[in-house]
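Please read the structure below before turning to the comments.
Numbering (this note's numbering), first residue to last: 1 to 493.
Structure (structure tokens):
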């Protein structure tokens, strides 16, 4: 049911905005107050998201808690938000990972207020992407997320942070411009069919469902589809648009890497589920052979390049290219199992890879290096840390009993079903080749674990290392709980 006023979802978006404004009035020298206030507002946002989840009816396939307020009625733009089974869990994941990012950002010592203000605005933009039901509103939030993330990399990143931030911004902003053009074309097509221009996603879906929107307009549907698809392929990212990701991940501060892997990449896969599938059904079906081929190339390429890395963070960055390939593999199979697997896997990747980047960040704060050559034998010095790392690594591999298994299994099953049925001109070989990515994942992650935690200690500085602290165990432990909870009790989305 649609509410013609503001409600709980608007409140959810308002919390981080109010947090950012509040932080602006705290003197820069009051660092502990800034960090504490940012954490409080992030916890409040998590609480509001939990309330939204508690009110959500998982049995319904429709948008829920919808709010609609006219904004620019002359051109059909409105403030319209809502959640469904695709977005609700991404909303919760976003608020959870923002709390984690706040918690881990205790080590930030320079421009502290600016950092946490950007973090709050980033949370608002990410949440806005997942709840928007108006195309222009979605675009505004989609673009708004670029600025704080790019600045987090540019100001607090590594030695090549300027290059990584520029590359991230140019890639994603450039692709999004084409999506905006596609949105305008879509609204004009709605005006042609219904007599009224609108960017209302629900209204557009209704016209697609009854066959009116794209009647005798297949060429236009195809062109508009690709404007959306390319923007989402860059955001995922899919091969060959992935080259910005390893640089951004490697140079970003740890909290930035956690949010980038856990949430920002999901905007691309979410966009396919929210827009490409329901709005352009025939064009999506025609594009399946191309998209699945790119998915398989990305899986194999990302896995092979990951095995060649000598930097732990860059290895996990390339593993994300492969893992997001599995997410998209399930989605573009267009089978029920594949779509469900893709939806699961995008959440599970956020949990597993977010935890990996967190652990790598904890290690980097101690030894100030990410090179395998400077590590080795850490299990003797940090046995608890090694055990936690092993659990998270197994979840990333997709070991049964962990969260990584169910999504990857369903995505592969969906791809095999589509290939065996010969749907959309596919064959069995694409999913077979994609399956080698699972083997490569075990190889490069086990190789990383052995090089970091076993063997002789060649770096004398490592002999002074102390094991993970209690508050850090609690932080990582939240991810461990999610890993086993989803692994043993995979709740329907």
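Think of the CB as a built atom: it goes at the ideal place given N, C-alpha and C, for glycine as much as any other residue.
- Nearest neighbour of residue 15 by Cα position, chosen from 89, 60 and 128, turns out to be 128.
- Here residue 379 carries a helix assignment [DSSP, helix/strand/coil].
- Residue 410 is positioned such that its CB atom lies closer than 7 angstroms to that of residue 340.
- Between the segment 292-299 and the segment 351-360 there are fewer than three C-beta pairs closer than 8 angstroms, too few to call the two in contact.
- For residue 82, the three-state secondary structure derived from DSSP is strand.
- If you look at residue 452, you'll find it in the alpha helix (DSSP H) that goes 429-453.
- By DSSP's assignment, residue 72 forms a beta bridge with 77.
- Relative to the Cα of residue 220, the nearest Cα in the group 52, 112 and 281 belongs to 281.
- One alpha carbon belongs to residue 135, the other to residue 55, and they sit about 25 angstroms apart.
- Residue environment: residue 351 is assigned as buried (16 or more neighbouring CB atoms within 10 Å of its CB, all protein chains considered).
- For residue 83, the CB contacts under 8 angstroms within the same chain, skipping 5 residues up- and downstream, are 9, 52, 56, 63, 64, 65, 91, 130 and 131 in chain order.
- A straight line joining the alpha-carbon of residue 173 with that of residue 150 spans about 11 angstroms.
- Distance from residue 384 to residue 461 at the Cβ level is roughly 20 angstroms; contact not present, criterion being Cβ atoms closer than 8 angstroms.
- In this structure the segment 248-258 does not lie against the segment 66-79, because fewer than three pairs of beta carbons, one per stretch, are closer than 8 angstroms.
- Between the alpha carbons of residue 206 and residue 354 lies a distance of about 37 angstroms.
- Ranking 121, 183, 482 and 87 by CA distance to the CA of residue 348 puts 482 first.
- In this structure, the beta-carbon distance from residue 259 to residue 101 falls below 7 angstroms.
- Measuring C-alpha to C-alpha distances from residue 266 to each of 435, 238 and 388 identifies 238 as the nearest.
- Within the same chain, 348, 351, 352, 395, 482, 483, 486 and 487 come within 7 angstroms of residue 403 by CB-CB distance, once the 5 residues on both sides are set aside.
- Note on the segment 75-158: whole beta strand (DSSP E) runs with a minimum of 3 residues are 77-83, in chain order.
- Shown here, residue 55 sits in a helix according to DSSP, grouped into three states.
- Restricting attention to 171, 268 and 278, the CA atom closest to the CA of residue 201 is found in 278.
- For the pair of segments examined, the segment 207-227 was found not to touch the segment 299-311: the number of CB pairs separated by less than 8 angstroms stays below three.
- The residue from 229, 165 and 196 with its alpha-carbon nearest to that of residue 182 is 229.
- Below 8 angstroms, enough C-beta pairs join the segment 411-421 and the segment 429-443 to call them touching: three or more.
- With respect to the C-alpha of residue 489, the residue from 465, 407 and 446 having the closest C-alpha is 407.
- Residue nearest to residue 455 within the set 427, 309, 378 and 210 is 378 (criterion: CA-CA distance).
- Spatial neighbours of residue 391 in its own chain (CB-CB distance under 7 angstroms, excluding positions within 5 residues in sequence) are listed in chain order as 480 and 483.
- For residue 45, the closest alpha carbon among the candidates 123, 222 and 199 is that of 123.
- Three or more beta-carbon pairs separated by less than 8 angstroms link the segment 102-121 to the segment 32-43, which places the two stretches in contact.
- When the Cα atoms are used, residue 31 and residue 155 turn out to be separated by approximately 17 angstroms.
- Within 10 angstroms of the beta-carbon of residue 125 lie 16 or more other beta-carbons, which makes it buried.
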